[in-house]
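J.:
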Amino acid sequence: MSGTSEGPAPTADLIRPAVTERHIDTPPRTTTTSASPSSTGAASTGAAFAAAPLAMAVVDREGLVVTANETLGTLLGTGADALAGKAAADLVDLPSDPRAWHAYREVLRGRQARLRCTRRLKHPDGRSFWVQVTVSPLPEEERAVLLSVADISADRELQARLRHLQMHDPVTRLPNRTLFFERLSAALEAEAYEESGTGRIGLCYLDLDGFKAVNDTLGHRIGDRLLAAVAERLTRCAEEAGYARPSAPLVARLGGDEFALLVEDSTGTDQLADLAESVLKALQAPFDLSGQRLSVSASIGVVERHAAGTTATGLMQAADTTLYWAKADGKSRWTLFDPERNAHRMTRQALSSGLRPAIEHGEFVLEYQPLVGMEDGRLRGVEALVRWNHPQFGMLTPNRFIGLAEEDGSIVQLGRWVLATACRQARRWQLEHPDAPPLFVSVNVAVRQVWDSDLVTDVAEILAETGLAPHLLQLELTESAVMGSAGRPLQALQALSDMGVHIAIDDFGTGYSNLAYLSRLPVSVLKLDGSFVRGFQYETSEKHDGTDARPNPADEVVVEAMIQLAHRLGLTVTAECVETSAQASRLRGIGCDTGQGWLYSRPVAPDRISELLRTPAHRSRSEPI
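Here it is in structure tokens:
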């Protein structure tokens, strides 16, 4: 009879006695197969021991079997007489487990009350079975312990079947989410990779593109069959990837149409990339299911890194993020985790979550960029530009957060604050400089402000509160937003125009550029996109580096035509991004009304605009402000 240490580590039930016995070395007792009865009671006890259905043996303090019953002999595949004199620990494989072996010796010495552990033994006929071993001391005068062995193989098999059901997906028969995370956590434990292996771990996290449509149109029965077929192909990919390697990747279904392939001891990103490519290729062939021929694809997020310092949560977050990138990049592809791209995403998320609190905490400020008359160089108005003085990321320009504000709807609250602050400031300049012509203030408005709020009411209330005249307020909307206006947005623009507020189209020339449609819209100003103005940059045919920079005549012809048509429609034109005196001169020559750009001034604080209002009114039209 021999034991084996296969299977889970045994558990020991260790209970210390109330009184510890002192170990006394005594010569071994003579082993016999039966005890000599000294009384009728003793004879009855011996008979009960021999006939007991529980396998038992009396073991002396030296660990040798004094007597054993036939049940134990049958269990171990030998006769009871043959067990006498043998080391009891060897019969049940206690020495292979240090903890159980130590506890057993403590029981023999009287220092511990009992031992209970589970062992896997091997029968002489070759089969393996599980037993629960219990060692308890007999009365002190016996100077022996009782060894009992119970066959628990049936219970263990039932537990194994239940665990398999608990840990595997019934549709695909793959390991489920619970077993996957159990394996992943074990792989990330230090002892799993410190002594051997590459010390790295990889993960391919995928889901099927458009699987919901299969369930919705063909039913869940076909959907389940498709998942099972996909699981078979993923398993084949894993088996092929594991060829000539210590182990194959673990394939698991995490839920829905999400699957994962876990690669322990990965050799680098190339191995994971090859695995992802093989999965995409395996899924390209159509699936034939109950007369239905289906084609599916998958998007895969790939993560590969050192196991040290990696957590299961962190790895799955990275994989989930990368899967999202793969879908955003066009689906039916794999994408490798990029720390820089993730850092940008995290920054974006931090900004998005902090937008509404930032408005309440007063973290936003306005700067103002002058709008200058091209003909006389006088300051006519300013454009209000919002900045976010972020406590972590510093001063942020609108391109860092306006898109996020539009996505989550906080643009309505932020836009109302910008509008009120800009109007209040414009009115303050008017009161502080009564001798100077009043400046108009131009404020950008997002389309979502028109849809998600009562913009007309907001503007009316703010103008009434600040005392600013309506004609000194200009609202800027992008060309694509204005040109497609209908219904509520068009009604709002018309009501604002009727109120006396000027409506301007920002970045004109980058969208529809439908001048005929402008005649039906309440628009009074066009702001030419800077891409048109850049073609007017040089006065000569050479750049500073000596290369040819002769402007394209078509640029000037297009801009001049737009300006003339706008004037015929009664609109004024503002050129954005004016950076050189050459651009200003040529724009002036073709009739542009107003200029805005670094030639005149960068966006500045309100105090700087106040200084400009105090300067002499006569100013050279080519002189920057």
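One rule links them: number in our numbering = place in the sequence shown (from 1) + 44.
Ideal Cβ positions, reconstructed from N, Cα and C, are used throughout, including at glycine.
With distances taken between CB atoms, is the gap from ARG377 to SER322 smaller than 8 Å?
T.: 8 Å or more divides the Cβ of ARG377 from the Cβ of SER322.
J.: Three Cβ pairs or more, each shorter than 8 Å: is that satisfied between the region 214-233 and the region 293-300?
T.: yes
J.: If you count every other CB in all the chains shown that lies within 10 Å of the CB of ARG658, and 16 or more means buried, which is it?
T.: exposed
J.: ALA99 by DSSP, collapsed to three states: which one?
T.: If DSSP states are grouped into helix, strand and coil, ALA99 belongs with the strands.
J.: Do LEU521 and VAL569 have their C-beta atoms closer together than 8 Å?
T.: no
J.: Pull up the distance between the alpha-carbon of ALA79 and that of ASP141, whole angstroms please.
T.: With a pLDDT of 43 at ALA79, under the threshold of 50, the modelled position of that residue is not reliable, and the figure given next carries that caveat. Using only the alpha carbons, I get a separation of about 32 Å.
J.: Just verifying my parser: in three-state terms, what is the DSSP assignment at LEU250?
T.: In this structure, LEU250 counts as strand in the three-state DSSP scheme.
J.: State the CB to CB distance for the pair THR510 and ARG468, rounded to an integer number of angstroms; the pair is presumed to be in contact (CB under 8 Å).
T.: 5 Å
J.: Which residue or residues does DSSP assign as beta-bridge partners of THR386?
T.: Reading off the sequence, residue 386 comes out as Asn, not Thr. In the DSSP output, where bridge partners are listed per residue, ASN386 has none listed.
J.: Does the region 353-364 come close enough to the region 398-410 that 3 or more CB-CB pairs lie under 8 Å?
T.: no
J.: Check each candidate in ASP314, ARG471, ASP251 and THR366 and name the one with the smallest Cα separation from GLU384.
T.: THR366
J.: Consult DSSP for ALA342 and reduce its assignment to one of helix, strand or coil.
T.: strand
J.: In the DSSP assignment, what residue or residues form a beta bridge with ALA188?
T.: Looking at the DSSP assignment, ALA188 forms a beta bridge with ASP104.
J.: What residues in its chain sit with their C-beta under 6 Å from that of THR70, if we drop five residues either side in the sequence?
T.: For THR70, the predicted model reports a pLDDT of 37, less than 50, meaning its position is unreliable; a value from the coordinates is still stated below. Within the same chain, THR70 has no close Cβ partners at all.
J.: Given 8 Å as the limit, is there contact between the region 223-236 and the region 130-150, that is, 3 or more CB pairs closer than that?
T.: Contact between the region 223-236 and the region 130-150 is absent, because fewer than three Cβ pairs lie under 8 Å.
J.: Helix, strand or coil for PRO219, going by three-state DSSP, please let me know.
T.: Of the three classes helix, strand and coil, the one that applies to PRO219 here is strand, per DSSP.
J.: Look at the Cβ atom of VAL503, then the Cβ atom of LEU458, and state whether they are nearer than 8 Å.
T.: no
J.: I need the straight-line Cα distance from PHE580 to GLN640, nearest angstrom please.
T.: Their backbone Cα atoms lie some 14 Å apart in a straight line.
J.: Just the C-alpha distance for ARG564 and TRP432, rounded to the nearest angstrom, thanks.
T.: 37 Å
J.: Would you call TYR287 buried or exposed, if buried means 16 or more other Cβ atoms sit within 10 Å of its Cβ?
T.: Counting Cβ neighbours within 10 Å, TYR287 comes out exposed, since fewer than 16 surround it.
J.: Quick one, are the C-beta atoms of LEU516 and VAL485 less than 8 Å apart?
T.: yes
J.: Going by alpha carbons, who is nearest to ALA231 out of GLU302, GLU308, LEU247 and ASP195?
T.: GLU308
J.: Under DSSP, the beta strand (DSSP E) around VAL489 begins and ends at which residues?
T.: Unbroken run through VAL489: none, as it is neither H nor E.
J.: Compute the Euclidean distance between the alpha carbons of ALA326 and ARG277, then round it to the nearest angstrom.
T.: The alpha-carbon of ALA326 is positioned some 6 Å away from that of ARG277.
J.: How many angstroms separate the CA atom of VAL175 from the CA atom of LEU165?
T.: Whole-angstrom Cα-Cα distance: 7 Å.
J.: Do you know whose CA, among PRO214, SER629, VAL136 and GLU404, lies nearest HIS167's CA?
T.: VAL136
J.: Pull up the distance between the alpha-carbon of ARG187 and that of VAL103, whole angstroms please.
T.: 9 Å
J.: List the whole-angstrom C-beta distance separating SER341 from PRO330, where the pair is believed to meet the contact cut-off of C-beta under 8 Å.
T.: Between PRO330 and SER341 the Cβ distance is about 11 Å, and since that is not below 8 Å, they are no contact.
J.: Counting along the chain, where does the alpha helix (DSSP H) carrying LYS375 start and finish?
T.: Per DSSP, LYS375 belongs to no alpha helix (DSSP H) and is neither H nor E.
J.: Closer than 8 Å is the cut-off here; do at least three beta carbon pairs connect the region 402-420 with the region 637-656?
T.: yes
J.: How many angstroms separate the CA atom of GLU302 from the CA atom of LEU250?
T.: 6 Å
J.: Quick one: is ARG471 buried, meaning 16 or more other Cβ sit within 10 Å of its Cβ, or exposed?
T.: The residue in question, ARG471, is buried, as its Cβ has 16 or more Cβ neighbours within 10 Å.
J.: Under 6 Å Cβ to Cβ from GLU283, same chain only, skipping five residues before and after it: list those, please.
T.: The answer, listed in chain order, is ALA292.
J.: Could you tell me which uninterrupted beta strand (DSSP E) segments, each at least 3 residues in length, are contained entirely in the region 396-421, listed from first to last along the chain?
T.: 408-417
J.: Inspect the beta-carbon positions of ARG244 and ARG349 and report whether they are closer than 8 Å.
T.: yes
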